[in-house]
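Engineer: Sequences listed follow chains H and A, in order.
Everything in the first sequence is counted per our numbering, starting at 3 for the first residue and increasing by one.
Everything in the second sequence is counted per our numbering, starting at 3 for the first residue and increasing by one.
Beta carbons are placed, not taken as given, at the ideal position from N, Cα and C, and that holds for glycine.
Number of protein chains: 2
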Amino acid sequence: MEGAFTDVKKKTTESGSYVNYLFVMVGLPARGKTYISRHLARYLQWIGFKTTVFNMSHYRRDLHGPTEAEFYDPTNTESMTYLRKLHLTVLDDALKYLEGDGEVAFFDGTNHSLERRRAVLSRVAQETNPPIVVFIESICEDLSIIHDHIENMDMYSPDYLNNDRDTTFKDVNQRISFYRRDYKTLTDDEGLSYIKVFDLNHRVEVNNIGGYVPARIVFLLMNLNPNRHEIWFTRHGESNYNTKGLLGGDPKLSPRGEIYAEALGEFIRGDSGLSEAAEGFDVWTSCLRRTIQTAAELNHPTRKWRELNEINAGLCEGMTYEQVAEKYPHISAARAKDKLRYRYPAGESYLDVVMRVEPVIMELERAHRPTVVVAHQAILRAILGYFLWKDPDSIPHMSVPLHSVLKLTRTAYTCRVEVYELDSEQSPPRIVRGRRVVRAQSLGPHEPVQNYVT
Amino acid sequence: MEGAFTDVKKKTTESGSYVNYLFVMVGLPARGKTYISRHLARYLQWIGFKTTVFNMSHYRRDLHGPTEAEFYDPTNTESMTYLRKLHLTVLDDALKYLEGDGEVAFFDGTNHSLERRRAVLSRVAQETNPPIVVFIESICEDLSIIHDHIENMDMYSPDYLNNDRDTTFKDVNQRISFYRRDYKTLTDDEGLSYIKVFDLNHRVEVNNIGGYVPARIVFLLMNLNPNRHEIWFTRHGESNYNTKGLLGGDPKLSPRGEIYAEALGEFIRGDSGLSEAAEGFDVWTSCLRRTIQTAAELNHPTRKWRELNEINAGLCEGMTYEQVAEKYPHISAARAKDKLRYRYPAGESYLDVVMRVEPVIMELERAHRPTVVVAHQAILRAILGYFLWKDPDSIPHMSVPLHSVLKLTRTAYTCRVEVYELDSEQSPPRIVRGRRVVRAQSLGPHEPVQNYVT
Ligand SMILES: Nc1ncnc2c1ncn2[C@@H]1O[C@H](COP(=O)(O)OP(=O)(O)OP(=O)(O)O)[C@@H](O)[C@H]1O
Ligand SMILES: Nc1ncnc2c1ncn2[C@@H]1O[C@H](COP(=O)(O)OP(=O)(O)OP(=O)(O)O)[C@@H](O)[C@H]1O
Ligand SMILES: [Mg+2]
Ligand SMILES: [Mg+2]
């Protein structure tokens with residue numbers, strides 16, 4: 003029983019078995035269906051669910067190639083027959099995924115007509131173990147928001163790569179009006195479980211929904227925020243435990259760590275550019291002395307989060323890895339085998355840490371100004387794993403070096419990390435950007451969700 | 003810095019100061035406004051917010067006495083003037099509370115007309131530090147639900163104490179139709195932040211809302227469930243640490259603890275009546291050996307929750323209270339001074355435990371069958387503190403004896419705890435209900451929220 007492996011709070015049936023979910027996106031073109039499904043999928047994968055997005059436009063582009071608006075004319079029987087078939091092909095793939103080891107599938111298509119939605123429901127009803135179906139409709143009639151969207155589509159959609167702005171606008175608007183002919187918003191009469199989001203997340207409507215997964219999703223949707231401010235991350239300066247290779251504890255900074263704290267203070271006040279941010283910025287630390295001491299040189303109010311405390315090594319706190327290997331060889335072995343799920347006896351696993359830092363993610367998603375997060379190795383791995391859409395199993399192996407500052411920049415579909423190494427050998431400290439590594443992770447809609455590689 | 007006191011994740015302004023909330027209930031009579039505000043208040047108080055419900059009917063009964071339906075006739079100018087004034091009196095008290103040390107106030111009245119809601123908004127606007135105003139409207143047109151409600155009102159409302167069923171029905175329906183004349187549902191055009199719940203929680207609409215507190219509230223509303231199944235609680239059997247008075251760790255059961263495990267198994271299978279529950283029941287444990295071993299004798303599938311693990315005593319794990327007092331006198335002293343908020347160095351406070359067990363509460367709220375929870379002293383204090391609406395400061399001092407089973411029964415406004423002591427001295431174990439303590443905590447609408455006494 004010691005050091006058991008972790009199970010996430012998955013929705014279980016009364017009989018104790020797991021339930022799968024099929025989330026079906028609904029909405030006219032350029033309503034953020036892809037944006038929403040990808041963000042929710044990233045989140046659910048991160049908290050431990052095997053999740054994939056099945057995007058109808060990707061299938062259409064792969065199997066058929068680019069199209070123009072006329073293709074979507076409801077009176078064009080040939081293309082309508084094609085699209086009706088394609089719709090079922092994508093759905094079948096999603097259901098096959100859920101019959102296998104998949105736990106959550108997003109069906110990212112317009113699903114705008116009663117006919118399409120009925121096709122989904124009757125196909126799902128044929129399954130032996132049908133997933134729970136939840137529709138997510140995005141509604142937006144604010145022209146300025148939609149124009150922004152189309153502007154962005156221009157940038158990313160291969161259908162429009164070679165067009166000028168006006169041609170794109172005309173074509174997208176034409177598509178939208180074709181879709182509008184059969185479009186029916188979800189209603190209660192259909193007896194469905196659904197979530198509707200209006201104008202980004204100005205209004206959220208939740209109908210006939212219960213359960214852990216949908217509730218988490220509503221929570222995230224309410225917090226998603228189109229203003230994506232930069233986030234700065236750093237580990238605490240070197241501690242007296244780091245110098246001895248000891249795990250955990252609540253040590254103070256080493257002399258070298260103190261120099262880093264000074265260097266960090268100077269960097270944040272100076273080269274980071276943060277002091278010029280009109281809206282100001284926030285500083286968060288854990289409740290442990292080494293992060294509080296590291297942030298002290300910023301001379302800035304800080305918020306102390308227990309959720310940012312380092313992973314709890316339980317029995318192994320205060321030991322070196324070598325001592326653990328010697329005294330508890332089974333712990334070292336089990337941890338090497340599954341570092342994500344292995345839980346230290348009377349301590350935590352990485353997956354425990356993920357669940358624990360989740361409220362921090364929610365706060366970062368809804369933050370209205372830049373944030374500096376001073377935390378610990380395992381914690382920053384968990385947080386960066388979320389933003390960079392990492393395969394959960396790779397999270398415990400991500401590199402988060404000491405004495406470096408990571409700057410995360412987000413756009414709708416992209417996260418970029420820049421690494422600033424600060425020189426903490428010299429006193430008085432000098433900020434040296436000796437190496438400036440730039441790692442980019444595109445969350446663009448053309449890559450299958452399965453690709454997490456950075 | 004060692005063993006700092008805890009701060010809950012309160013909503014802070016950009017400048018770092020706290021924001022207060024005024025939740026304004028909206029709805030016709032018998033729509034569950036009181037039910038909702040009391041449940042939400044209990045929850046928010048539990049997670050650390052100073053919270054009070056200001057109920058307009060209580061004020062009216064105290065200041066004016068019982069009324070009949072005619073009192074609510076909109077053409078009755080005298081009573082309308084009275085109610086308009088009373089409305090502002092209640093609001094003023096809520097605002098005074100928020101100007102003082104209050105953090106969240108619920109204004110539990112009908113607030114059904116545009117006029118009443120405008121009165122609220124213009125009064126709030128005069129505050130130097132106005133709270134954030136969020137309206138919560140309960141809508142229900144399902145006659146069978148409303149009849150159930152009225153049936154219940156009959157039972158609890160002093161206005162109807164001496165009436166027969168028919169008179170009550172007639173009077174409540176008359177009141178409802180008077181209120182309906184000026185009733186306007188909340189709309190987006192009013193530019194307000196609001197939550198609407200339809201038919202209990204069949205549908206939830208969330209408009210123009212952000213922030214931690216409202217998001218938590220929506221989450222709870224989605225999970226509230228009118229079927230309140232019984233919940234059974236027990237601590238693990240005596241462990242090898244209990245016998246030595248050691249804190250924390252991951253010990254096995256003592257021989258006496260093993261006998262309790264057997265006694266518990268027999269009790270749950272037999273006298274508890276659980277095995278007759280048509281829908282079956284669930285068993286939850288922590289991830290520590292002593293609860294898993296205790297539940298093993300139930301021969302029933304179990305769900306292991308890390309959230310149910312005992313409070314983490316950090317530095318003090320494995321020590322006795324006496325050793326702590328000797329080695330770390332400042333810890334003992336600080337903990338004695340504020341046991342709720344004192345956080346063990348590199349460990350947890352009771353308030354940390356409250357935040358950690360919150361997902362368990364959500365699961366218990368939405369459970370669809372009885373649950374047996376095998377956990378630890380501090381954990382059960384936190385959970386029972388929620389259901390019994392305990393003053394947070396009293397939570398760390400609640401009595402949860404070893405080798406006893408607690409049965410929690412909930413109705414709309416009441417929670418009752420029965421304590422079964424099991425004899426674990428004898429072998430083969432015999433279930434002895436030597437003492438059968440019954441503690442009742444009424445959450446009835448007539449008691450001020452400030453009364454937590456059980
Ligand atoms: N909630 C949102 N916050 C920020 N940006 C958004 C949001 N929703 C959509 N967008 C932006 O709008 C653009 C179009 O969104 P998206 O591609 O997701 O639309 P879609 O509904 O999938 O369209 P299509 O039906 O053509 O696939 C994207 O550039 C996206 O960044
Ligand atoms: N969501 C709910 N789940 C279970 N019971 C409910 C719910 N909402 C209301 N009820 C029941 O309905 C009855 C009436 O509810 P409540 O007293 O809260 O109504 P109210 O809107 O406050 O009425 P009034 O305006 O007369 O004060 C109560 O007995 C309550 O138990
Ligand atoms: Mg799309
Ligand atoms: Mg009431």
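If we define contact as Cβ-Cβ less than 8 Å, is Ile134(H) a contact residue for chain A?
Structural biologist: So no, Ile134(H) is outside the interface.
Engineer: With DSSP as the reference, identify every bridge partner of Ile138(H), one or two as the case may be.
Structural biologist: BP columns for Ile138(H) point to Met27(H), Ile197(H).
Engineer: State the beta-bridge partners of Arg237(A) as determined by DSSP.
Structural biologist: Ala377(A).
Engineer: Assess, as a yes-or-no matter, whether the segment 317-336 of chain A is touched by the segment 277-284 of chain A under the definition of 3 or more beta carbon pairs within less than 8 Å.
Structural biologist: The segment 277-284 of chain A, when compared against the segment 317-336 of chain A, does not touch it at the 8 Å Cβ threshold.
Engineer: Might you give, ordered along the chain, the residues of its own chain that have their beta carbon closer than 6 Å to the beta carbon of Asp75(H), omitting 5 neighbours on each side?
Structural biologist: So the list reads Phe180, once near-sequence residues are dropped.
Engineer: So what's Val21(A) in DSSP terms, helix, strand or just coil?
Structural biologist: Val21(A): coil per DSSP, three-state reduction.
Engineer: For chain H, is any of its Cβ atoms less than 8 Å away from the one on Glu207(A)?
Structural biologist: Judged by the 8 Å Cβ criterion, Glu207(A) is in contact with chain H.
Engineer: Could you check if Pro430(A) is buried or exposed, using at least 16 other CB atoms within 10 Å of its CB as the buried criterion?
Structural biologist: Low local confidence applies: a pLDDT of 45 at Pro430(A) is under 50, so the model's placement there is unreliable, and no value is given.
Engineer: Who are the neighbours of Asp354(A) on chain H, taking C-beta pairs under 9 Å?
Structural biologist: Per Cβ cutoff of 9 Å: Arg308.
Engineer: Compare the C-beta of Gln443(A) against all C-beta atoms of chain H and say whether one is closer than 8 Å.
Structural biologist: Below a pLDDT of 50, predicted positions are generally treated as unreliable, and Gln443(A), at 38, falls in that range; the measurement from the model is reported next regardless. For Gln443(A), the answer is no, since every Cβ of chain H falls outside 8 Å of its Cβ.
Engineer: Alpha carbons only, please: which of Arg120(A), Gly349(A), Arg86(A), Arg412(A) is nearest the one belonging to Gly251(H)?
Structural biologist: Per the Cα distances, Gly349(A).
Engineer: Are the CB atoms of Lys198(H) and Ile233(H) within a distance shorter than 8 Å?
Structural biologist: Contact: no.
Engineer: Quick test of your reading: Asn244(A) and Gly267(A), contact by CB under 8 Å. State the CB separation rounded to the nearest angstrom.
Structural biologist: That belief does not hold up - the Cβ atoms of Asn244(A) and Gly267(A) are roughly 20 Å apart, past 8 Å.
Engineer: Which term fits Asn22(A), buried or exposed, when burial requires 16 or more other beta carbons within 10 angstroms of its beta carbon?
Structural biologist: It counts as buried.
Engineer: Would you list, in chain order, the members of the segment 102-116 of chain A that have their beta-carbon closer than 7 Å to a beta-carbon of chain H?
Structural biologist: Of all residues in the segment 102-116 of chain A, none has a Cβ within less than 7 Å of some Cβ in chain H.
Engineer: Using a Cβ distance threshold of 8 Å, determine whether the segment 27-39 of chain A contacts the segment 329-345 of chain A, with at least three qualifying pairs required.
Structural biologist: No contact exists between the segment 27-39 of chain A and the segment 329-345 of chain A.
Engineer: In three-state terms, what does DSSP make of Asp284(H)?
Structural biologist: Here Asp284(H) sits in strand by DSSP.
Engineer: At a CB-CB cut-off below 8 Å, which residues of chain A make contact with Pro394(H)?
Structural biologist: Those within 8 Å of Pro394(H) in chain A number zero; the least Cβ separation is about 17 Å.
Engineer: State yes or no: is the beta carbon of Val1(H) nearer than 8 Å to at least one beta carbon in chain A?
Structural biologist: As shown, chain H starts at 3 and ends at 456. That puts residue 1(H) outside it, with no answer to give.
Engineer: Any beta-carbon of chain H closer than 8 Å to the one on His41(A)?
Structural biologist: By this cut-off, His41(A) is not an interface position.
Engineer: What does DSSP give as the partner residues of Trp307(H) in its beta bridges?
Structural biologist: Partner(s): Ser288(H).
Engineer: Residues of chain A with CB closer than 8 Å to the CB of Asn244(H), please, in chain order.
Structural biologist: Neighbours of Asn244(H) on chain A: none; closest Cβ ~16 Å, over 8 Å.
Engineer: Residues of chain H with CB closer than 8 Å to the CB of Met58(A), please, in chain order.
Structural biologist: The premise fails here: Met58(A) is roughly 28 Å from chain H at the closest Cβ pair, so nothing lies under 8 Å.
Engineer: When burial is assigned at 16 or more other CB atoms within 10 Å of the CB, is Ile433(H) buried or exposed?
Structural biologist: In this predicted model, Ile433(H) has a pLDDT of only 49, less than 50, meaning its place in the structure is not dependable; the value taken from the coordinates is given anyway. Ile433(H) comes out buried.
Engineer: Can you pull the DSSP bridge partners for Val355(A)?
Structural biologist: Partner(s): none; Val355(A) has no beta bridge.
Engineer: Let me check you understand the geometry: is the CB of Lys35(A) closer than 7 Å to at least one non-hydrogen atom of ligand 5?
Structural biologist: Absent from the structure shown: ligand 5. Ligands present: ligand 1, ligand 2, ligand 3 and ligand 4.
Engineer: Would you list the residues sitting across from Asn1(H) in a DSSP beta bridge?
Structural biologist: Past the boundaries of the shown model lies residue 1(H); chain H is included only from 3 to 456, so the question cannot be answered.
Engineer: Classify Leu1(H) as helix, strand or coil using the three-state DSSP reduction.
Structural biologist: No answer is possible for residue 1(H): it lies beyond the span of chain H, which begins at 3 and ends at 456.
Engineer: Is the Cβ-Cβ distance between Asn113(A) and Arg120(A) less than 8 Å?
Structural biologist: For Asn113(A) and Arg120(A), no; Cβs fall outside 8 Å.
Engineer: Is Ile211(H) closer than 8 Å to Ala32(H) when the C-beta atoms are compared?
Structural biologist: It is not a contact, given that the beta carbons lie outside the stated cut-off.
Engineer: Quick check on Gly212(A) - is its C-beta less than 8 Å from some C-beta in chain H?
Structural biologist: It does: the Cβ of Gly212(A) has a partner Cβ on chain H nearer than 8 Å.
Engineer: Specify the secondary structure class of Asn244(A) as computed by DSSP and reduced to three states.
Structural biologist: Note: Asn244(A) maps to helix in three-state DSSP.
Engineer: Answer with yes or no whether the minimum CB distance from Val434(H) to chain A is below 8 Å.
Structural biologist: Low per-residue confidence applies at Val434(H): pLDDT is 48, beneath 50, and the placement is therefore not dependable enough to give any value.
Engineer: Can you give me, in chain order, the residues of the segment 360-389 of chain A that have a beta carbon less than 9 Å from any beta carbon in chain H?
Structural biologist: The segment 360-389 of chain A vs chain H, Cβ under 9 Å: Pro361, Met364, Glu365, Arg368, His370, Arg371.
Engineer: Could you check which residue in Gly111(H), Phe269(H), His204(H), Arg218(H) has the C-alpha nearest to that of Gln47(H)?
Structural biologist: If we check each option's Cα against that of Gln47(H), Arg218(H) comes out closest.
Engineer: On the three-state DSSP scale, how would you describe Arg435(A)?
Structural biologist: Bear in mind that a pLDDT of 46 at Arg435(A), under 50, signals an unreliable position, so the number given afterwards is only what the model happens to contain. DSSP places Arg435(A) in coil when its eight states are reduced to three.
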